[in-house]
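Structure first, then comments.
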Amino acid sequence: GATFWMIVAGFLGMASKFVECTLGVKYRDIDENGVVYGGPMYYLTKGLKARGFTKLGKILAVLFAIFVVGGSFGGGNMFQVNQAFQLVQNITGGDTSMLAGNGWLFGLVMAVLVGIVIIGGIQKIAKVTDKIVPFMVVTYVAASIFVLVAKYDMIGWAFSEIINGAFSPEGVAGGAIGVLVQGFRRAAFSNEAGVGSASIAHSAVKTKYAASEGLVALLEPLIDTVIVCTMTALVLIITGNVNADNASLNDAQAILLTSGAFESVISWFPYVLTLAVVLFAFSTMISWSYYGYQGWAYLFGRSKKMEYAYKLIFCLFVIVGSAASLGSVIGFSDAMIFAMMVPNMVGLVILAPRVKEELKRYLEAIKTKIS
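Residue numbering for the sequence shown follows the working numbering, starting at 150 and increasing by one per position.
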């Protein structure tokens with residue numbers, strides 16, 4: 150039942166993603182070297198100042214900058230490497246694996262690889278993610294489609310289970326809570342809608358109209374949450390991996406459950422999934438290192454000394470994340486993601502009229518070009 154409400158949350162996330170990414174482009178800073186600095190720190194400061202809320206804007210911007218740095222160390226770093234380590238340990242023998250109890254070794258390798266990329270800056274990050282992300286998405290979606298085709302006769306039943314679970318008295322309550330507590334938490338990691346972090350990356354694009362980038366960005370929750378997450382839910386339901394016994398699994402157990410669901414149809418897929426998850430963790434970490442650095446630069450300045458200090462700390466957290474217990478990692482990650490949403494959502498509500506103006510300007514430009 151929570152799957153249905155997760156889909157609803159995905160559609161709602163499209164609106165917030167459009168607003169924040171439009172604002173990210175509109176209020177970005179470009180220094181004398183052409184380096185772009187953008188995101189909630191800047192649209193909260195500049196945008197709220199233009200609306201007469203100068204002091205509030207500065208306070209919210211500083212809070213967001215602090216939280217995005219924390220989020221980059223938590224959900225964008227430790228959580229990712231911890232999840233990847235769980236799968237790698239599982240396919241190399243589980244508790245008997247040479248990595249069992251030695252997560253720091255995996256973290257050390259990942260930290261070196263991450264460090265090599267993030268030292269190169271946004272262009273290097275973009276080049277790496279451009280190559281990794283399409284491979285991950287195509288691999289995962291292809292495997293999901295294969296499972297669904299292999300058990301096509303159960304798809305209708307799976308959807309009926311989702312609908313019935315969502316609208317039964319228990320499902321409405323459980324689904325709503327699931328969305329608020331689990332759905333929004335995990336959706337924030339996947340599509341970042343409402344969190345504000347994505348606007349940092351989108352602010353670096355070259356475009357004449359801010360709203361055009363907002364329209365591109367709103368597709369992300371659709372693909373990420375509505376399509377890919379729904380396919381995952383269908384695979385889990387069809388393969389019999391969704392029941393009351395596993396409803397309260399933690400994240401480490403959940404990712405192994407997903408691996409097992411695919412393995413029941415594609416025996417060798419856990420190895421492919423492990424590779425995809427490691428690559429996903431890697432690409433997510435280097436992306437979040439950019440988000441976190443933007444917050445760091447806002448707080449401590451844009452000098453090379455400050456930049457390298459942040460990147461060194463970020464790489465150290467990769468090692469910490471792979472060796473730490475999952476519970477503490479999840480708790481810290483969730484706290485930072487939620488904290489980022491609070492100042493960001495306040496700003497989105499206040500600045501919504503500015504986004505409406507940008508959209509109107511962009512649509513008028515399109516009409517003029519067509520005519």
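Backbone N, C-alpha and C fix where the C-beta goes; we use that ideal spot for every residue, glycine too.
The model shown is predicted, which means the values in this text are computed figures rather than measured ones.
Residue i versus residue j - alpha carbon distance
{"i": "Gly219", "j": "Thr288", "result": "31 Å"}
{"i": "Ala359", "j": "Ile267", "result": "27 Å"}
{"i": "Val467", "j": "Val478", "result": "11 Å"}
{"i": "Gly476", "j": "Phe449", "result": "31 Å"}
{"i": "Gly188", "j": "Thr278", "result": "20 Å"}
{"i": "Lys516", "j": "Ile215", "result": "42 Å"}
{"i": "Tyr105", "j": "Val426", "result": "The first residue shown for the chain is 150 and the last is 520, placing residue 105 beyond what the model contains."}
{"i": "Ala488", "j": "Asp302", "result": "44 Å"}
{"i": "Ile311", "j": "Leu500", "result": "36 Å"}
{"i": "His351", "j": "Tyr442", "result": "15 Å"}
{"i": "Lys357", "j": "Ser165", "result": "21 Å"}
{"i": "Leu209", "j": "Lys198", "result": "12 Å"}
{"i": "Ser408", "j": "Tyr511", "result": "44 Å"}
{"i": "Leu172", "j": "Val354", "result": "13 Å"}
{"i": "Ala158", "j": "Leu371", "result": "10 Å"}
{"i": "Val217", "j": "Trp445", "result": "8 Å"}
{"i": "Gly496", "j": "Thr203", "result": "12 Å"}
{"i": "Leu364", "j": "Tyr447", "result": "27 Å"}
{"i": "Arg451", "j": "Lys460", "result": "13 Å"}
{"i": "Leu422", "j": "Gly196", "result": "43 Å"}
{"i": "Phe234", "j": "Gly223", "result": "15 Å"}
{"i": "Glu506", "j": "Thr379", "result": "34 Å"}
{"i": "Gly162", "j": "Val375", "result": "10 Å"}
{"i": "Lys300", "j": "Pro283", "result": "26 Å"}
{"i": "Lys276", "j": "Ser309", "result": "42 Å"}
{"i": "Gly183", "j": "Met155", "result": "40 Å"}
{"i": "Leu236", "j": "Val174", "result": "37 Å"}
{"i": "Val290", "j": "Val377", "result": "7 Å"}
Helix, strand or coil at residue i [DSSP, three-state]
{"i": "Tyr268", "result": "Tyr is not the amino acid found at residue 268; the sequence shown has Ile there. Coil, per DSSP."}
{"i": "Thr152", "result": "helix"}
{"i": "Lys207", "result": "helix"}
{"i": "Glu456", "result": "helix"}
{"i": "Lys198", "result": "helix"}
{"i": "Thr388", "result": "coil"}
{"i": "Val344", "result": "coil"}
{"i": "Lys430", "result": "The displayed chain sequence assigns Ala, not Lys, to residue 430. Ala430 falls in the helix class under three-state DSSP."}
{"i": "Asn251", "result": "coil"}
{"i": "Leu367", "result": "coil"}
{"i": "Gly450", "result": "coil"}
{"i": "Ala325", "result": "Bear in mind that a pLDDT of 49 at Ala325, under 50, signals an unreliable position, so the number given afterwards is only what the model happens to contain. The answer is helix: DSSP assigns Ala325 an H, G or I state."}
{"i": "Ser413", "result": "coil"}
{"i": "Tyr358", "result": "coil"}
{"i": "Ala488", "result": "helix"}
{"i": "Gly501", "result": "First, the residue type needs correcting, since residue 501 is Ala and not Gly in the sequence shown. Note: Ala501 maps to helix in three-state DSSP."}
Bridge-paired residues (DSSP) for residue i
{"i": "Ile468", "result": "Ile468 pairs with nothing; no bridge assigned."}
{"i": "Asp178", "result": "Tyr186"}
Of the residues the options, the one placed nearest residue i, counting alpha carbons only
{"i": "Val286", "options": "Phe308, Gly206, Glu369", "result": "Glu369"}
{"i": "Ile486", "options": "Leu508, Leu512, Trp437, Leu461", "result": "Trp437"}
{"i": "Cys170", "options": "Ile304, Leu209, Lys355, Glu362", "result": "Glu362"}
{"i": "Leu193", "options": "Arg503, Gln235, Leu512", "result": "Arg503"}
{"i": "Val424", "options": "Val211, Val184, Gly206, Gln232", "result": "Note that residue 424 is Leu in the sequence shown here, rather than Val. Taking only the C-alpha atoms, the option nearest Leu424 is Gln232."}
{"i": "Gly269", "options": "Asp373, Phe295, Ile386, Glu456", "result": "Glu456"}
{"i": "Leu212", "options": "Asn493, Leu508, Lys355", "result": "Asn493"}
{"i": "Leu367", "options": "Val168, Phe153, Thr152", "result": "Val168"}
{"i": "Val491", "options": "Trp154, Gly183, Gly206", "result": "Gly206"}
{"i": "Val344", "options": "Thr379, Ser474, Ala484, Val184", "result": "Ala484"}
{"i": "Met227", "options": "Glu507, Gly480, Val174, Lys518", "result": "Gly480"}
{"i": "Ile349", "options": "Gly243, Met155, Lys509, Tyr440", "result": "Tyr440"}
{"i": "Val296", "options": "Leu385, Lys518, Gly225", "result": "Leu385"}
{"i": "Ser474", "options": "Trp253, Trp154, Met163", "result": "Trp253"}
{"i": "Ser416", "options": "Lys518, Ile240, Val498", "result": "Ile240"}
{"i": "Val298", "options": "Val414, Ile519, Val185", "result": "Val414"}
{"i": "Gly225", "options": "Ser482, Glu513, Ile519, Lys518", "result": "Ser482"}
Contacting residues, own chain, Cβ-Cβ under 7 Å from residue i (five flanking each side not counted)
{"i": "Phe145", "result": "The requested residue 145 is not part of the displayed model; the chain covers only 150 to 520."}
{"i": "Gln238", "result": "Ser246, Leu248, Ala249"}
{"i": "Glu341", "result": "Ala347"}
{"i": "Tyr191", "result": "Tyr176, Arg177, Asp178"}
{"i": "Ala307", "result": "Leu383, Ile386, Ile387"}
{"i": "Thr152", "result": "Ile311, Thr379, Ala382"}
{"i": "Val328", "result": "Unreliable positioning characterises Val328 in this predicted model, as indicated by a pLDDT of 42, which lies under 50. A coordinate reading is not provided."}
{"i": "Ser221", "result": "Trp437, Ser438, Tyr440, Gly441, Phe463"}
{"i": "Tyr261", "result": "According to the sequence provided, residue 261 is Val. The question's Tyr does not apply to it. Closer than 7 Å at the Cβ level, and outside the excluded window around Val261, lies no residue."}
Nonlocal neighbours in the same chain, by C-beta distance under 8 Å from residue i, ignoring five residues either side
{"i": "Val230", "result": "Phe255, Gly256, Met259, Ala430, Met434, Val467, Gly470, Ser471"}
{"i": "Val606", "result": "Lying outside 150 to 520, the shown extent of the chain, residue 606 is not represented and no answer is given."}
{"i": "Leu508", "result": "Thr171, Ala360, Gly363"}
Own chain, CB closer than 6 Å to residue i, minus 5 neighbours either side, in chain order
{"i": "Ile281", "result": "Leu428, Ser432"}
{"i": "Glu181", "result": "none"}
Closer than 7 Å: residue i CB and nearest the ligand MG heavy atom
{"i": "Phe449", "result": "With respect to the ligand MG, the structure offers nothing, as it holds no ligand at all."}
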